[in-house]
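Quick notes on the structure that follows.
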Amino acid sequence: MKRLLDVLREDCRLTGTKEGCGEGECGACSVIVDGEVVNSCLIPVCQVEGSSVTTVEGLALNDQLSPLQRAFLEYGAAQCGICTPGMLMSAHALLLRRPHPIRNQILEAIAGNLCRCTGYTKILDAIAAVSSGNINKPDQSE
Amino acid sequence: MIRLQHNVVHRPRTIDDACTLLAEYGPSAQLLAGGTDIMVLLNAGLLQADVFIDLWPLDELRGIDDLPDSLRIGALTTFSQILRSPAVERFAPALAAAARTIGAAQIQNRGTIGGNIANASPAADSLPVLSCLDADIELASVRSRRRVSIHSFHTGYRKTALAADEMIVAVHLPKTRTDERIEFYKVGTRRAQAISKVVLGARMQIAGGIVEHIALAYGSVAPTVVRARAAEAILLGQYPSPELASRAVAALDRDLKPITDLRSSAAYRRRVAGNLLERFLRKALQH
Numbered sequence: 001m002k003r004l005l006d007v008l009r010e011d012c013r014l015t016g017t018k019e020g021c022g023e024g025e026c027g028a029c030s031v032i033v034d035g036e037v038v039n040s041c042l043i044p045v046c047q048v049e050g051s052s053v054t055t056v057e058g059l060a061l062n063d064q065l066s067p068l069q070r071a072f073l074e075y076g077a078a079q080c081g082i083c084t085p086g087m088l089m090s091a092h093a094l095l096l097r098r099p100h101p102i103r104n105q106i107l108e109a110i111a112g113n114l115c116r117c118t119g120y121t122k123i124l125d126a127i128a129a130v131s132s133g134n135i136n137k138p139d140q141s142e
Numbered sequence: 001m002i003r004l005q006h007n008v009v010h011r012p013r014t015i016d017d018a019c020t021l022l023a024e025y026g027p028s029a030q031l032l033a034g035g036t037d038i039m040v041l042l043n044a045g046l047l048q049a050d051v052f053i054d055l056w057p058l059d060e061l062r063g064i065d066d067l068p069d070s071l072r073i074g075a076l077t078t079f080s081q082i083l084r085s086p087a088v089e090r091f092a093p094a095l096a097a098a099a100r101t102i103g104a105a106q107i108q109n110r111g112t113i114g115g116n117i118a119n120a121s122p123a124a125d126s127l128p129v130l131s132c133l134d135a136d137i138e139l140a141s142v143r144s145r146r147r148v149s150i151h152s153f154h155t156g157y158r159k160t161a162l163a164a165d166e167m168i169v170a171v172h173l174p175k176t177r178t179d180e181r182i183e184f185y186k187v188g189t190r191r192a193q194a195i196s197k198v199v200l201g202a203r204m205q206i207a208g209g210i211v212e213h214i215a216l217a218y219g220s221v222a223p224t225v226v227r228a229r230a231a232e233a234i235l236l237g238q239y240p241s242p243e244l245a246s247r248a249v250a251a252l253d254r255d256l257k258p259i260t261d262l263r264s265s266a267a268y269r270r271r272v273a274g275n276l277l278e279r280f281l282r283k284a285l286q287h
């Protein structure tokens, strides 16, 4: 019974998804299954039969970072980077359900993702910026 | 790291098929629901099983039925589904409150009510609510369907009344009356992703000024979730007062057997258990 996390990282070579604790405490391995954020270390791969799985690699479109990813860059919401893919997936799942969350809803949405660098403030600011449309558009000239 | 590739996993599509598999394999089979407990044990090498019966595809086991006198919650219903259910919010808001404190979104999206019951942890957050609401657990096997009271389901530390060929199919929650006060309190190190130090599910009805009904169910302070029968007996049939509340809190000494472990100390748990009861009684009497 392989874990979804191992199939993603080792069989699909999608190494954006990280392993942190391996016991559902840290959220580093968060991915979205059928619209809901889950810990891929706790999912036997048989349970995603027929499901749609989105990893951090699936956020960018046509080599263009998603608004959420750009906001993380712009607001300094990533430091060491280990929590970042999971944090992005939890935030993405929130914005799918609620495009304009209030701050408490953002806090609740990332409560299962531990970050030991940022103190969370910049992560909250980045997610709030996406919800309010307050981020720069990607540079079209490049 | 890749582990555990050589297990046999059965994925039945009906409850009958699941029961047939359970009857065939008995105790050598491990049931699997949302995986939030089982996968942790597997990843840590703490669970050996040759055969898994994966219930996740069993839609028959999902859903919340709003019946005339009760809610019937399918065993595979996740805590996210529970906390978003209008029927639960209306008839059992304390269960929604408990669901909100279980792990965080990732766990709530996979963890199931049946799994929380079967895992039989004394720290399981949904169980004090089920206990104070006098829930019944519906079990199925190839032999029969039966209902067992939550009070007799957990028979000891991590032990249940489930036979080797039985599985949980649903929980039945009697609807509470609108004049009853029901609260859920959880104390842990932080609000999300914390295993409880003390949990209380409390329910009280006052009629004619006296305590007509009282149910106090504690988690994380004994080998199983327990009802505080001595404290309940002190409160039942009495006119509530601060003095009565103090006697009920003192009686918790007879009801609770807290231990010192990684998460907390026995003394802290005993103190907090009393504080939560005082808080509940004070709030309940304001109404």
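In order, the protein sequences belong to chains A and B. Take the first sequence: its position 118, counting from 1, is numbered 118 in this note's numbering, and each next residue is one higher. Take the second sequence: its position 172, counting from 1, is numbered 172 in this note's numbering, and each next residue is one higher. Yeah, the Cβ is synthetic: ideal placement off N, Cα and C, and Gly gets one too. Predicted, not measured: the structure shown is a model, and the values here were computed from it.
- Judged by DSSP in its simplified three-state form, THR55 of chain A adopts coil rather than helix or strand.
- Here DSSP, grouped into helix, strand and coil, assigns ASP34 of chain A to coil.
- Counting other Cβ atoms within 10 Å of its Cβ, THR36 of chain B reaches 16 or more and is therefore classed as buried.
- Bounds of the beta strand (DSSP E) holding LEU216 of chain B are 210 to 219.
- Three or more beta-carbon pairs separated by less than 8 Å link the segment 72 to 84 of chain B to the segment 107 to 123 of chain B, which places the two stretches in contact.
- Proximity of chain A to MET39 of chain B at the Cβ level (cut-off 8 Å) is accounted for by ARG3, GLY24, CYS41, LEU42, ILE43 and PRO44, in chain order.
- Each residue's CA atom was taken as its position, placing ALA104 of chain B and LEU114 of chain A some 11 Å apart.
- Cα atoms of PHE280 of chain B and PHE184 of chain B: separation of roughly 9 Å, rounded to the nearest angstrom.
- Around GLY156 of chain B, the same chain offers PRO223 and THR224 as residues with beta carbons nearer than 8 Å, after the five sequence neighbours per side are excluded.
- The continuous stretches of alpha helix (DSSP H) do not include HIS172 of chain B, which lies in the beta strand (DSSP E) extending over residues 167 to 174.
- Among the bridge pairs identified by DSSP, SER149 of chain B is matched with B:ASP136.
- Given a length threshold of 4 residues, each whole run of the alpha helix (DSSP H) inside the segment 35 to 119 of chain A is given here in chain order: 67 to 74, 84 to 97 and 103 to 109.
- Residue pairing by DSSP places SER70 of chain B opposite B:PRO174 in a beta bridge.
- Note on the segment 84 to 122 of chain B: whole alpha helix (DSSP H) runs with a minimum of 4 residues are 86 to 91, 93 to 100, 105 to 108 and 113 to 119, in chain order.
- According to DSSP, PHE52 of chain B shares a beta bridge with B:VAL9 and B:GLN30.
- Rounded to whole angstroms, ASP11 of chain A and VAL45 of chain A show a C-alpha spacing of 12 Å.
- In this structure, the alpha-carbon of ALA109 of chain A lies about 44 Å from that of ARG143 of chain B.
- Between ARG203 of chain B and ALA194 of chain B, the C-beta spacing is not below 8 Å.
- With respect to ARG254 of chain B, ALA230 of chain B sits close: the two C-beta atoms are nearer than 8 Å.
- Nearest to LYS197 of chain B by alpha-carbon distance, out of B:PRO68, B:ALA33 and B:THR260, is B:THR260.
- When the beta-carbon positions are compared, LEU14 of chain A and THR55 of chain A come within less than 8 Å of each other.
- The beta-carbon of SER131 of chain A is placed no less than 8 Å from the nearest beta-carbon of chain B.
- With a 10 Å radius around the Cβ and a threshold of 16 neighbouring Cβ atoms, CYS83 of chain A comes out buried.
- In this structure, VAL221 of chain B keeps its C-beta atom at 8 Å or more from the C-beta atom of PRO128 of chain B.
- In the DSSP annotation of this structure, the continuous segment of the alpha helix (DSSP H) that includes GLY274 of chain B starts and ends at 266 to 285.
- In the structure shown, the three-state DSSP call for ALA207 of chain B is strand.
- Cβ contact annotation for ARG263 of chain B (same chain, cutoff 7 Å, sequence separation greater than five): ILE195 and LYS197, in chain order.
- DSSP, reduced to helix, strand and coil, places LYS122 of chain A within a helical segment of the structure shown.
- Within a 10 Å sphere around the beta-carbon of TYR75 of chain A sit 16 or more other beta-carbons, which makes this residue buried.
- By the neighbour-count criterion, in which 16 or more other beta carbons inside 10 Å mark a residue as buried, ALA44 of chain B falls on the exposed side.
- Taking the C-beta atoms as reference points, ALA93 of chain A is found nearer than 8 Å to GLU36 of chain A.
- Beta-bridge analysis with DSSP links TYR239 of chain B to no other residue.
- When Cβ-Cβ separations below 8 Å define contact, ALA75 of chain B makes no contact with chain A.
- Of all residues in the segment 105 to 119 of chain A, only ALA109, ALA111 and GLY112 place a beta-carbon less than 7 Å from a beta-carbon of chain B.
- The straight-line gap separating the alpha-carbon atoms of ALA251 of chain B and ALA33 of chain B is approximately 39 Å.
- For VAL130 of chain A, DSSP records no beta bridge to any residue.
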